[in-house]
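Notes for the one structure printed next.
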Amino acid sequence: MPGPSKSGAVRPRGARSLLAGAVVLAALAVAPHALAHSGVQATSPKPGAVVQALPATITLTFGSRLMRVSSVRVTDAKGVNHATSARLDPRNAARVVVRTRSPVPGAYRVAWTVQSEDGHSESGAFAFRARGR
Ligand SMILES: [Cu+2]
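In terms of this note's numbering, the sequence shown opens at residue 2 and continues consecutively.
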């Protein structure tokens, strides 16, 4: 009995290079967007740090300017939020300054959501520990 047509099984060379070209184009299209989402470059305290006490100020420095801070929570092991405010540094729109209160020893998690300059949302989290005196 006659088998199914094999015309689709082997692609002509032209189709394959067209596909490769499309992949390269897609990568190029993503590149500027990725630059606008360069993520957190540095934090204070650093991820995984062990500090004496919960600092009154926590900072997050991004790789590019932000449009706004959507939310930052600094939660202890019980899930209590210790952040009182989170705003862009007026002198550096790539830096978020978070104020905290009620320092207690223990593990902390900083969970943030910001709006990149291109208007898209970006979020992440890091943890550190306050030893207590
Ligand atoms: Cu974006």
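Cβ coordinates follow ideal geometry from the N, Cα and C atoms, glycine included. Since the structure is predicted, the reported quantities are computational estimates derived from the model, not experimental observations.
Under the rule that 16 or more other beta-carbon atoms within 10 Å means buried, what is residue 58, buried or exposed? For the purposes of this step, residue 58 is identified with residue 57 of the sequence shown, where counting begins at 1. Note on residue 58: under 16 other CB atoms within 10 angstroms of its CB, so exposed under the neighbour-count rule.
Can you list, in chain order, the residues of its chain whose CB lies under 8 angstroms from that of residue 6, leaving out five sequence neighbours each side? Within the sequence shown, the letter at position 5 stands for residue 6. In this prediction, residue 6 has a pLDDT of 48, which is less than 50 and means its spatial position is unreliable; what the coordinates show is noted afterwards. Nothing listed; no residue qualifies.
Taking the straight line between their C-alpha atoms, what separation do you get for residue 129 and residue 78? Here residue 129 refers to the residue found at position 128 of the sequence shown. Here residue 78 refers to the residue found at position 77 of the sequence shown. Each residue's Cα considered, the two are about 11 angstroms apart.
Mind checking whether residue 102 and residue 85 have CB atoms under 9 angstroms apart? Here residue 102 corresponds to residue number 101 of the sequence shown, with the count starting at 1. Here residue 85 corresponds to residue number 84 of the sequence shown, with the count starting at 1. Taking 9 angstroms as the Cβ cut-off, residue 102 and residue 85 qualify as a contacting pair.
Span of the beta strand (DSSP E), counted from its first residue to its last, around residue 82: Along the sequence shown, read from residue 1 onward, the residue named residue 82 stands at position 81. That residue, residue 82, is in no beta strand (DSSP E); it is neither H nor E in DSSP.
Neighbour-count burial assignment, residue 21, 16 or more Cβ in a 10 Å radius: For the purposes of this step, residue 21 is taken as the residue at position 20 of the sequence shown. Classification for residue 21: exposed.
Check whether the Cβ atoms of residue 73 and residue 105 lie closer than 9 angstroms to each other. As a position in the sequence shown, residue 73 is number 72, starting the count at 1. As a position in the sequence shown, residue 105 is number 104, starting the count at 1. A distance of 9 angstroms or more separates the beta carbons of residue 73 and residue 105.
Please return the same chain residues whose Cβ sits closer than 7 angstroms to the Cβ of residue 42, not counting the five positions on each side in sequence. Within the sequence shown, numbered from 1, the residue matching residue 42 stands at position 41. Within the same chain, residue 42 has close Cβ partners 62, 63, 64.
Which same chain residues end up closer than 6 angstroms to residue 54 when comparing Cβ atoms and leaving out the 5 residues on each side of it in sequence? By one-based count along the sequence shown, residue 54 stands at place 53. The residues are 104, 131.
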